[in-house]
Amino acid sequence: MDRVRCMRIGVKTTRRIRLRTWSSGPTASDGRTFAVPAQPAHLLGLRTCQPAARMDAPGRPHSQPVTRCPRIVVVGLLLTMVVFDACSGRRAQLAERLDSTDAELRADQEALRKELASQHLRQQLLAERLRQAEEELVRLRAQMLVAGERPEGLGRRSSGASTPSQAATGGSAAASKATTTVDPAALYEKARAHFGERQYGPALELFAQIVTEAPKSAQADNAQYWIGECHYGEGRFRRALQAFGQVLAYKKTEKDDDAQLKIARCHLALGEKDQAIAAFQGLLQTFPNSEYVGAARRELRYLEGP
150 MDRVRCMRIG VKTTRRIRLR TWSSGPTASD GRTFAVPAQP AHLLGLRTCQ PAARMDAPGR
210 PHSQPVTRCP RIVVVGLLLT MVVFDACSGR RAQLAERLDS TDAELRADQE ALRKELASQH
270 LRQQLLAERL RQAEEELVRL RAQMLVAGER PEGLGRRSSG ASTPSQAATG GSAAASKATT
330 TVDPAALYEK ARAHFGERQY GPALELFAQI VTEAPKSAQA DNAQYWIGEC HYGEGRFRRA
390 LQAFGQVLAY KKTEKDDDAQ LKIARCHLAL GEKDQAIAAF QGLLQTFPNS EYVGAARREL
450 RYLEGP
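Heads up: the sequence shown begins at 150 in the numbering used here, then just goes up one per residue.
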């Protein structure tokens with residue numbers, strides 16, 4: 150009887166191969182089990198058999214074996230191990246690339262958020278600088294008007310730019326036209342003096358008194374404009390916006406372009422960019438000969454971008 154030697158190969162995910170051998174025939178044995186390192190793979194139930202040499206006599210093998218199993222099974226096992234190892238490495242590479250892409254995306258989002266915050270901060274700082282510059286300009290104009298001087302380069306101005314001598318000669322005429330006993334010209338000069346010293350509270354009260362008690366006087370439209378300037382100087386931009394809007398209701402006022410400019414800057418100070426752009430464009434369209442056309446165009450270039 151021929152003796153056949155068999156081997157069972159089990160490949161587990163423990164990275165070790167278990168080899169079990171046994172033999173059949175007259176000298177059958179249970180064989181032994183060996184464990185050798187292996188690449189990760191699923192359990193494979195592969196069996197290879199190789200017939201042992203036929204024994205004509207004890208210790209003497211026959212010259213030719215009876216049968217032989219194909220060795221391609223072992224080759225297939227090795228190829229399977231290589232494929233599984235390659236797939237595992239590919240998954241690791243994909244996971245690494247995914248983590249890297251996610252990190253880059255998060256970095257880009259953070260950079261974009263910081264850039265937007267920086268632009269908003271620059272816009273707020275610009276609005277604050279404009280407010281301070283306007284406040285200083287108004288203060289200087291008030292001081293010059295109180296001193297009886299007219300700033301150079303100014304186109305048209307209302308009777309608010311009148312000198313103290315003009316106020317003295319025209320005060321009686323304005324008072325006669327007013328429906329009350331108040332002297333709007335005197336109140337106007339006093340209010341402008343307070344405004345020139347940045348005393349917005351007292352100035353606001355006097356300007357409001359003119360508008361309330363002498364609404365048809367020559368100083369009423371100017372007083373309404375300076376009410377808006379008082380609110381603007383104290384940072385109450387919403388109230389200033391309303392006050393400047395009321396100036397445009399006076400049909401014969403010469404403060405209309407001034408009020409339109411301040412309306413745009415109130416919107417800008419409030420962070421209302423679209424409304425500010427519309428107000429500046431309204432200034433260019435409605436008052437093309439205004440002295441503020443250049444300032445409005447500069448503001449639009451900055452707000453609308455390149």
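Built from N, CA and C at the ideal position, the CB exists for glycine as well. If you're wondering where the values come from, they're calculated on a predicted model, not measured in any experiment.
- Close CB contacts of Glu-383 within its chain, under the 7 Å cut and outside five residues either way in sequence, are with Tyr-349 (chain order).
- About 16 Å separates the CB atoms of Phe-344 and Ala-334; that is not less than 8 Å, and the two are not in contact.
- With respect to the 8 Å criterion, Ile-412 and Leu-390 are classified as neighbours on the basis of their beta carbons.
- Residue environment: Gln-409 is assigned as buried (16 or more neighbouring CB atoms within 10 Å of its CB, all protein chains considered).
- The C-alpha of Arg-255 is placed about 12 Å away from the C-alpha of Leu-247.
- Within the stretch 382-454, the complete alpha helix (DSSP H) segments at least 4 residues long are 386-396, 405-418, 422-435 and 442-453, listed from N- to C-terminus.
- Between Ile-376 and Ala-392 the beta-carbon gap is near 5 Å, inside 8 Å, which marks them as a contact.
- Residue Tyr-381 holds the alpha-carbon nearest to the alpha-carbon of Ala-282 among Pro-437, Tyr-381 and Glu-453.
- In the structure shown, Asp-332 adopts coil according to DSSP, grouped into three states.
- Gln-258 carries a helical assignment under DSSP once its states are collapsed to helix, strand and coil.
- With 16 or more other Cβ atoms from the protein chains shown falling within 10 Å of its own Cβ, Ala-428 counts as buried.
- In terms of CA proximity to Thr-402, Ala-372 leads the group Cys-415, Ala-418, Lys-422 and Ala-372.
- Its chain contains Leu-355, Gln-358 and Ile-359 as the residues whose beta carbon lies nearer than 7 Å to that of Leu-336, once the 5 sequence neighbours on both sides are disregarded; these appear in chain order.
- With a minimum length of 3 residues, there is no unbroken run of beta strand (DSSP E) contained wholly in the stretch 346-370.
- If you ignore the 5 residues before and after Phe-386, its C-beta comes within less than 6 Å of the C-beta of Cys-415, Ala-418 and Leu-419, all in its own chain and listed in chain order.
- Going by C-alpha positions, Thr-435 is about 44 Å away from Asp-257.
- Taking C-beta atoms as the reference points, Asp-406 and Val-396 fail to come closer than 8 Å.
- Contact check for Asp-423 and Tyr-399: beta-carbon distance about 27 Å, past the 8 Å limit, so the pair fails to qualify.
- Excluding residues up to 5 positions away in sequence, His-380 lie with their Cβ nearer than 6 Å to the Cβ of Arg-388 in the same chain.
- Linking Thr-361 to Gln-368 through their CA atoms gives a straight-line distance of about 11 Å.
- Counting only the Cα atoms, Glu-440 lies some 20 Å from Leu-452.
- Around the beta carbon of Ala-260, fewer than 16 other beta carbons lie within 10 angstroms, which makes this residue exposed.
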